[in-house]
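Chains as they are written, first to last, in my numbering: chain H, 593 to 1254; chain P, 81 to 377.
The structure is reproduced here in structure tokens:
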């Protein structure tokens, strides 16, 4: 018979305000096997843990139940406390009476009743617990970074500096990401390329960093410390070793009508291209969809002009398989599509542009060589209107509920740069709120208003109407003056909301990392573990986790790197002993379990057995506990009940259900 | 195909031509508009009060009548379409309204939004198809530059009306193309004409319609086409110098299908009958509706 101790936590008033904890103690003490029950204000505190320690020793407890918060929060805390007191840590059960009870209920009587039932179920389970021992697994000392923007580059550099090998996988032909498209950066107005390109060069030259550009992660298997990843290197059609980056092929390529993604479609590019002049690697790719050679078989100009003989039309995609100990996701963002926002006439007038398009127009290497002009007639604008929160903080389904965070600052930057360079241009900004928390941010915004005379109007724009004379009539409201505003503009700039890169869903699925309703990757804990995914060994860097600017992205990239380094620094990891185990006496070798196992952890062995004097060879399932993640799929699928999950056995689960229904 | 038809009061008074052309065109296009018996005024405005029941009942009656006949319910007037569609939506989705309305109605079988409400334009787009419509055109309106004027009622609220993209609609432009004319896209085609505000604050409505007219004329529209009698009335009140004539979409359709003259004749006869004090039957029990319709125009 087990000797069970029950510890009920008040969690300040989090639990005690809704659940009568004394009553829970009283009821728990009546359960079979319970020899000790007490409550305390904060069971997780040092004093609380000391109470557990003392009770285990004094009452010689063989199992404990802690009625507190979610096991995701403090299961490890209490397991460690039990271990210190000499109890096997797997003899600890948590009854979640906070998230599952006090936080979601209002009525004290009902909540108390439920808390008692949850405690009872945990007591029933712990009565059947058996001590389990953790195993060990090795750590591959190499990290994978998915995404080669500033977040990915910074994470890779930090990991590499600590002495570990890092691979960056970047989907596009060059690393650099969104930051390479920007002109200036707030709040210091330094040139984006001037601070980014040295980092790109550093990453590409670093002996510990290996960069796969024009490549995508295809498949991920394994677990923390020992991931196996298939990387698809898309056929570049250009030999990377032979190419000298002279650029003649791009000049001579006759098909130059492909919209230039890097310039947000404001101009066109050739079918063989590097996205931008400072691309790393400086080796072009052939866009097979738009290349005449690939479409009709006739052309081949690039191969003819290439002195180095680097053009290889017959290149095929290649799959590289690598092992990694840690994976960092740094997949970044894109701006939303504006086809749901036709009141701003984005699809109707080329002079209505997004802020990212304006970045390209302002950039000296952009489609207008940095000269501010309208796309429609190349005339210099006299009046410009900026509209904030296009698709951000949006109550209806077409937009995003969240604040995109960076728009207030980059709009202040744009407004200031334009007023500085072209003082005769009138700049008006329509805003809901101006949000500028950040070091030197509000000072920056106030400079735009006070020194540069940018006209900020609190209110939203209802319509942008292209006029017959080519002007844009902006119809808005001034909430402070309480009046309607009609003003003509030559250009309208929309601060479109940002959203996670489209591919993040696919990647999250491969990594079994969770994502929220907006497709941002979820942190293990929003405050205390902000750069870790709940999936062990997967870390988050940059906007894939939530909107952030460059300083924050770089800070988070460093934090993700530190977490990855912490993992790579270990030689061995303790494994979870709650794995599946097959009972040879019951297994009939049907292989149903192997078919449902998502981790490939089940194999079969043939074994000679002596069944009442009859010697025969039988086929048995065998679980590789290093691969098993304890998901329990096999235990449900097994038709003969041979498969059981240690720590969550069928008997234990049924005992819990019985206790709840009693 | 036979549809239940809800003409509405305005189509019986100030917008008789909208009705007459619609019926004539339906014949050519091979479907029948069967006018509901004893239909009542929809109220002209969808009642926004969430506890408002009485003003929704006339719509429920029409909807339930169509259900009984097993037919889809068709409207031509944008305002009637708006009210019927939204009341139907309430009957389908809002339990409280459904329960209380059915309590009042005491129908043989409770009504729960089963009827499909269609606008005449939706029949052209979704049932007949603009390509098929193009084949039926005998007098294409080649060379004419026509601007669509949508107004609000067909488009908004878009999640309820599910008619077209509220900010960049295309159904009437596609319709104009099918008739052989050239659609003129101008930004104010989905702006409010002022609606009933023209009863109280004439200037405000005129400000709106001035904007719309100037925008349409500036983009080169020679004719504006609408589905709403009130929009047409307001647009005609605009103070713009260069007024663009505003016609109902059914008139253009009748013209392209070659039945305009015939329909106009029937319409004139009906008008003459009305003048000659031989009141149409339907009017006797709808005196109030007549007044309602009257104030609209």
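Glycine is no exception: its CB is placed at the ideal position from the N, C-alpha and C atoms. Bear in mind that the values here come from a model prediction, so they are computed numbers and not experimental data.
What are the boundary residues of the beta strand (DSSP E) that includes residue 618 of chain H?
Run containing residue 618 of chain H: none in the beta strand (DSSP E); it sits in the alpha helix (DSSP H), 613-621.
Interface residues of chain P around residue 773 of chain H at Cβ under 9 Å?
Within 9 Å Cβ-Cβ: nothing; residue 773 of chain H doesn't reach chain P, min ~27 Å.
If you follow the beta strand (DSSP E) that residue 1328 of chain H is in, where does it begin and where does it stop?
No answer is possible for residue 1328 of chain H: the residues shown for chain H start at 593 and end at 1254.
Considering Cα atoms alone, identify which of H:1150, H:911, H:1072, H:997 is closest to residue 753 of chain H.
Ranking H:1150, H:911, H:1072, H:997 by Cα distance to residue 753 of chain H puts H:1150 first.
I need the DSSP call for residue 1070 of chain H, collapsed to helix, strand or coil.
Strand, per DSSP.
Kindly list, in the order they appear in chain P, the residues whose Cβ is closer than 7 Å to that of residue 1106 of chain H.
Within 7 Å Cβ-Cβ: nothing; residue 1106 of chain H doesn't reach chain P, min ~29 Å.
Rounded to a whole number of angstroms, what is the C-alpha to C-alpha distance between residue 1006 of chain H and residue 945 of chain H?
Distance between the alpha carbons of residue 1006 of chain H and residue 945 of chain H: 13 Å.
Apply the 10 Å Cβ neighbour rule to residue 374 of chain P and answer buried if 16 or more other Cβ atoms are within range, or exposed otherwise.
Its pLDDT being 40, under 50, residue 374 of chain P is placed unreliably in this model, and the coordinates cannot settle the point.
Closer than 8 Å, CB to CB, is residue 935 of chain H near chain P or not?
Interface residue, yes.
Pull out every residue of the stretch 229-252 of chain P whose Cβ sits closer than 7 Å to any Cβ of chain H, in chain order.
If the cut-off is 7 Å between Cβ atoms, the stretch 229-252 of chain P has 245, 247, 248 near chain H.
Compute the Euclidean distance between the alpha carbons of residue 317 of chain P and residue 286 of chain P, then round it to the nearest angstrom.
Approximately 7 Å between the Cα atoms of the pair.
With contact counted as at least three CB pairs below 8 Å, one residue from each stretch, are the stretch 198-210 of chain P and the stretch 249-257 of chain P in contact?
Contact holds: three or more Cβ-Cβ distances are below 8 Å.
Check whether the Cβ atoms of residue 829 of chain H and residue 903 of chain H lie closer than 8 Å to each other.
Cβ atoms of residue 829 of chain H and residue 903 of chain H: closer than 8 Å.
Which first and last residues belong to the beta strand (DSSP E) in which residue 1166 of chain H is found?
First-last of the beta strand (DSSP E) with residue 1166 of chain H: 1164-1167.
In the structure shown, what three-state DSSP assignment does residue 260 of chain P receive?
Of the three classes helix, strand and coil, the one that applies to residue 260 of chain P here is coil, per DSSP.
Which residues share a DSSP beta bridge with residue 1121 of chain H?
Its beta-bridge partners are H:1117.
Cα separation between residue 361 of chain P and residue 260 of chain P?
Unreliable placement is indicated for residue 361 of chain P, whose pLDDT of 45 sits below 50; no coordinate value is reported for it.
Three Cβ pairs or more, each shorter than 8 Å: is that satisfied between the stretch 844-853 of chain H and the stretch 932-941 of chain H?
Cβ pair count under 8 Å is below three, so no.
Out of H:614, H:1015, H:929, which has the shortest C-alpha to C-alpha gap to residue 1092 of chain H?
Of the candidates H:614, H:1015, H:929, the one whose C-alpha sits nearest the C-alpha of residue 1092 of chain H is H:929.
Look at the Cβ atom of residue 738 of chain H, then the Cβ atom of residue 758 of chain H, and state whether they are nearer than 8 Å.
Not closer than 8 Å, so no.
Let me know the beta strand (DSSP E) ranges lying completely inside the stretch 635-721 of chain H, each 3 residues or longer, listed in chain order.
Listed in chain order, the complete beta strand (DSSP E) runs (minimum 3 residues) inside the stretch 635-721 of chain H are 655-660, 684-688.
Can you confirm whether the stretch 1029-1041 of chain H touches the stretch 779-795 of chain H when touching is taken to mean that 3 or more C-beta pairs between the two stretches lie within less than 8 Å?
These segments touch.
What residues from the stretch 291-306 of chain P come within 7 Å of chain H, judged by C-beta to C-beta, listed N to C?
Within the stretch 291-306 of chain P, the residues whose Cβ lies closer than 7 Å to some Cβ of chain H are 295, 298, 299, listed in chain order.
With 8 Å set as the bound, which would you pick, yes or no: does the beta-carbon of residue 267 of chain P sit closer than that to a beta-carbon of chain H?
Yes, because at least one Cβ of chain H sits closer than 8 Å to the Cβ of residue 267 of chain P.
Would the beta-carbon of residue 1066 of chain H fall within 8 Å of that of residue 1079 of chain H?
Contact: yes.
Suppose the cutoff is 7 Å on Cβ atoms and the five residues either side in sequence are ignored; what does the same chain contact list for residue 142 of chain P look like?
Once the five neighbours on either side are set aside, the close Cβ partners of residue 142 of chain P are 86, 116, 119, 153, 164.
Using a Cβ cut-off of 7 Å, pull out every chain P residue sitting near residue 568 of chain H, in sequence order please.
For residue 568 of chain H there is no data in the structure shown, the boundaries of chain H being 593 and 1254.
Looking at the structure shown, is residue 160 of chain P part of a helix, part of a strand, or coil, going by DSSP?
DSSP places residue 160 of chain P in helix when its eight states are reduced to three.
Which partner residues does residue 227 of chain P have in the DSSP bridge list?
Its beta-bridge partners are P:264, P:304.
Between the stretch 879-891 of chain H and the stretch 834-844 of chain H, do at least 3 Cβ pairs fall closer than 8 Å?
No: the two stretches stay apart, fewer than three of their Cβ pairs being nearer than 8 Å.
Name the chain P residues that come within less than 7 Å of residue 939 of chain H, Cβ to Cβ?
Residues of chain P passing the Cβ test: 248.
By how many angstroms is the C-alpha of residue 692 of chain H removed from the C-alpha of residue 1120 of chain H?
Taking the straight line joining both Cα atoms gives about 21 Å.
Whether or not the stretch 626-646 of chain H and the stretch 597-614 of chain H are in contact is what I'm after, with contact meaning three or more pairs of Cβ atoms, one per stretch, closer than 8 Å; do they touch?
Yes, they touch.
Secondary structure at residue 956 of chain H, three-state DSSP: helix, strand or coil?
Looking at residue 956 of chain H - three-state DSSP - the assignment turns out to be coil, as it is neither helix nor strand.
Where does residue 790 of chain H sit, in a helix, a strand or coil, going by DSSP?
In this structure, residue 790 of chain H counts as helix in the three-state DSSP scheme.
According to DSSP, is residue 970 of chain H part of a helix, a strand, or is it coil?
Reduced to three states, the DSSP call for residue 970 of chain H is coil.
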